[in-house]
Each structure stands twice: as structure tokens, then as C-alpha cells.
Amino acid sequence: MRIFVFCAIVAVLLLESSCGGDDPTPERVNDSQDSLIIHHLDSIGVDYQVDTTGIYYYPIELNPTGKSQADGNVLSVYYSLEVLGGQVLNTYDSADGEPIRVKQGANAIYPIGVDRSLSFMKEGEEWVFIIPSTYGFEDFNSALIPENSILVFQPTLEKIQNETDVQGEDNMKIIAYSDSVNLTDTVNYPLNQPEFLTNGTIFKRLAAGSNPNAPQPQTGDTLTITYTAYLPYHKDEPFDLKHASNANPFIYNFNTNEVITGLDAGIANMRQGETALLVMPSLLGYRESAAVFPDYLSEEMVDRNIIPAYASDVGPYEVLIFEVSLLQIN
Numbered sequence: 184m185r186i187f188v189f190c191a192i193v194a195v196l197l198l199e200s201s202c203g204g205d206d207p208t209p210e211r212v213n214d215s216q217d218s219l220i221i222h223h224l225d226s227i228g229v230d231y232q233v234d235t236t237g238i239y240y241y242p243i244e245l246n247p248t249g250k251s252q253a254d255g256n257v258l259s260v261y262y263s264l265e266v267l268g269g270q271v272l273n274t275y276d277s278a279d280g281e282p283i284r285v286k287q288g289a290n291a292i293y294p295i296g297v298d299r300s301l302s303f304m305k306e307g308e309e310w311v312f313i314i315p316s317t318y319g320f321e322d323f324n325s326a327l328i329p330e331n332s333i334l335v336f337q338p339t340l341e342k343i344q345n346e347t348d349v350q351g352e353d354n355m356k357i358i359a360y361s362d363s364v365n366l367t368d369t370v371n372y373p374l375n376q377p378e379f380l381t382n383g384t385i386f387k388r389l390a391a392g393s394n395p396n397a398p399q400p401q402t403g404d405t406l407t408i409t410y411t412a413y414l415p416y417h418k419d420e421p422f423d424l425k426h427a428s429n430a431n432p433f434i435y436n437f438n439t440n441e442v443i444t445g446l447d448a449g450i451a452n453m454r455q456g457e458t459a460l461l462v463m464p465s466l467l468g469y470r471e472s473a474a475v476f477p478d479y480l481s482e483e484m485v486d487r488n489i490i491p492a493y494a495s496d497v498g499p500y501e502v503l504i505f506e507v508s509l510l511q512i513n
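Counted from 1, the sequence shown has number 331 at position 148 by our numbering; the numbering is strictly sequential.
Here's what the structure looks like:
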């Protein structure tokens, strides 16, 4: 499987996904959509403002003393999204589960107008944003979304965090997972006890190699591995694998930024011939990944090379688990 990272760099699945960089300032869009949006806003009698890009907005609930995005740009949101004068595309609220977590301003949210809209908000606020098609789905066309649709996006910003906060939450999730599957059990896991690496990863050796003095990987070595990658509590639903039949192993150069940081960090503790379990925090995996609003369009966005392939299976800030076999070091 191959993917495109969010800033359109071609890479294998395991490649680090974060692109970062400043959010570009888009240009203002066409007058005809301005007229439609203004007519709608006047018809419902609200006081509104307009951004330099042509995104119109007005508040439903303000929280002047709430945490601002100067304190972090990892946002937890509920939302509704619809086409102006048309279909409701999605509604995601507290009845659906925990809020969706995204990283604003990191080129990790699609459409771009959703990303830009979220930047206006404080924690605890609810707004309505009307997004012209240039910053929505543009010429994308489906049964629900006609070409050049204007979008109505209504988010509630539940929480603002920074990535240090995320790291702390991930650490708790990793410990809870370790306890739930009883990694310290010497019957089902008869080798050494799980190790907590300084980077927050749990390393658990599952199978020893035939040679206890076999080499460990050094920077630049060519490694041949197989792996199964899955999310906690979803071992039977791997999001990627190179099967342990060894018919199609994964080959890469160790510690040269070819794969996600957590994989290199875990494999650094292995010897040739060993198999290990790595439970890694999201900041060593796919970090903010890529979020699509609404999420059921993810596969379509992958097909259009707009978001990376892994993002349809791995959401923002997911703890990852890899069962890795280190077959060969060259």
C-alpha cells in the first residue's frame, strides 16, 4: 500500500505524516456566492461578520473568558455540516461519542474552510460558519454534495489542548491498555517484562531469536521486517500489515526518517530474529493524521489524492500498536 502525505509527498505507509507549516492565506472568492450567502443571512436576521476569504460567520454561544488557541491548537469538537439550501451532510454530537480531535492550522483538516473557521473560536463556544465552495469541496460532486456547494458548518469547541496535553493522555491510554491485556503475564507472554521507554513507548519482547548475540540495528542499516499494525482493542482489524509469512516483507533503512518515529525507536531495542510488541503514543506515530468533515468522505478523498491513505483508518492522535519481527539486518 502507498499513500500521499497531506502536503502531497509520496511515501510508503509508515512514513511520518505531519507536514506542518503556516496556514496559507486564501484569496476572496466570487461575488455570486457572496450574494447567495448574504441573502440567506439577511433572511434569518442575524448579525454577521465576513473573513477576508469570504467565509461568513456569527456566534451561537460565546465564552469570552475561555481558553484561546494561543494555549494550543489541538481542538476537540462536535459539529453539524450541511449544504446551504440542501442536504444535511453530517451531525456529530455527544450522543455519538467523544468529540473529534483535530489539529488546527497544520494542513491536517479537509476542507480548508473548516480548518480556517475553527481558528476563530475559543473553548466552550459555538459558531456558524458559511463557507464558499472555493474553501469547501470545490467541484466535487456526489448525491449529497452538488458541484460548487456552499457549506454551513456549525461547530462546538469542547476543549483546547496542546500536544503536551495529548502526550499525557496517550500515556494513560497506553498504561490502561497494557493492564487490560495483562502484558506482565508470564504465561501468555513468557519473555521479559514490558519496558517503558523514555519516549513513552511500551516495548515487550514476544519471541527471542535463535542467537542471543545477534546484531542490533545501527543507523543506515537496511532492515527487513514484517509487522501487523492496529489500534488498541482492535487487534483483529489491522490497518496495515506485512504478513508474517515473509512472502512480502518491508525493507527500509533504519533511523533515517523513512518511517514513523515510534517504529524506529522500538526496533532499536531488538536483535535480528526477534519479535516484539510496540505500543506507541500518537506523537511518535501519525500525530494529527488528516481529518475529513464529514468523515464518511475519507475514502473518496484518498482516491482523489487529497489525504493520505492511512488517514481513512487512523484518525488524529491515535495510539498505535505494532507487532514487529526483525528478520534481517544488512
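Heads up, the beta-carbon is just placed ideally off N, CA and C, and yes, glycines get one too.
Between the options, which lies nearest to residue i when the distance is taken from Cα to Cα?
i      : options                        : result
VAL233 : ASP486, PHE312, GLU457         : PHE312
GLY296 : GLY307, ILE314, ILE283         : ILE314
SER302 : PRO432, SER259, GLU483         : SER259
PHE437 : LEU424, ALA451, LYS305, ASN431 : ALA451
THR274 : ALA494, TYR493, PRO477         : PRO477
GLY249 : ASN431, THR339, SER325         : THR339
GLU483 : LEU467, ILE283, ASN324         : ASN324
TRP310 : GLU244, LEU327, ASP254         : GLU244
GLY319 : ARG284, LEU272, LEU467, PRO377 : LEU272
LEU414 : ASP348, PRO464, PHE336, HIS223 : PRO464
ILE385 : VAL475, PRO395, TYR231, LEU446 : LEU446
ALA278 : ASN256, ASP254, TYR261, GLU441 : TYR261
LEU467 : ALA473, ALA448, ALA474         : ALA448
LEU380 : HIS417, LEU461, LEU480         : LEU461
THR444 : GLU420, TYR469, MET453         : TYR469
Going by DSSP, what residues sit across from residue i in a beta bridge?
i      : result
TYR239 : VAL233, ILE313
SER263 : THR274, GLN337
GLN511 : THR407
MET355 : Answer is none; MET355 lacks a bridge partner.
Using a Cβ-Cβ cutoff of less than 6 Å, which residues in the same chain neighbour residue i once the five nearest sequence positions on both sides are dropped?
i      : result
GLU471 : LYS286, ALA289, ALA291, PRO499
LYS356 : VAL502
ILE398 : Going by the sequence as given, residue 398 is Pro instead of Ile. So the qualifying residues of the chain are GLN455, ILE512.
VAL485 : ALA492, SER495
THR515 : With the chain represented from 184 up to 513, any question about residue 515 goes unanswered, as that position is not in the structure.
Under the assumption that residue i contacts residue j (Cβ atoms under 8 Å), give the Cβ distance between them as a whole number of angstroms.
i      : j      : result
PRO329 : GLY269 : 7 Å
LEU334 : VAL266 : 6 Å
GLN252 : ILE343 : 6 Å
TYR360 : LEU406 : Their Cβ separation, rounded to whole angstroms, is 26 Å, which puts TYR360 and LEU406 out of contact at 8 Å.
Closer than 7 Å by C-beta to residue i: which residues in its own chain qualify, once you throw out the five before and the five after it? Chain order, please.
i      : result
ASP496 : PHE422
ASN431 : LYS425
GLU457 : ARG388, ALA390, ALA391, GLY392, LEU509
ASP217 : GLY237
HIS222 : none
ALA473 : PHE189, ALA291, TYR293, ILE490, PRO491, ALA494
With a threshold of 8 Å on Cβ separation, who are the neighbours of residue i within its own chain once the five nearest residues in sequence on each side are excluded?
i      : result
GLY439 : Reading off the sequence shown, one finds Thr at residue 439, where the question assumed Gly. The answer, listed in chain order, is THR402, GLY403.
GLU281 : SER259
Item to complete: Would you be able to state if there are at least three C-beta pairs under 8 Å between the region 393-413 and the region 502-510?
Response: Using a Cβ-Cβ distance cut-off of 8 Å, the region 502-510 and the region 393-413 are in contact, since at least three pairs of beta carbons, one from each stretch, lie closer than that value.
Worksheet item: Using 8 Å as the threshold, is the region 380-389 in touch with the region 483-491, meaning 3 or more CB pairs across them?
Response: The region 380-389, when compared against the region 483-491, does not touch it at the 8 Å Cβ threshold.
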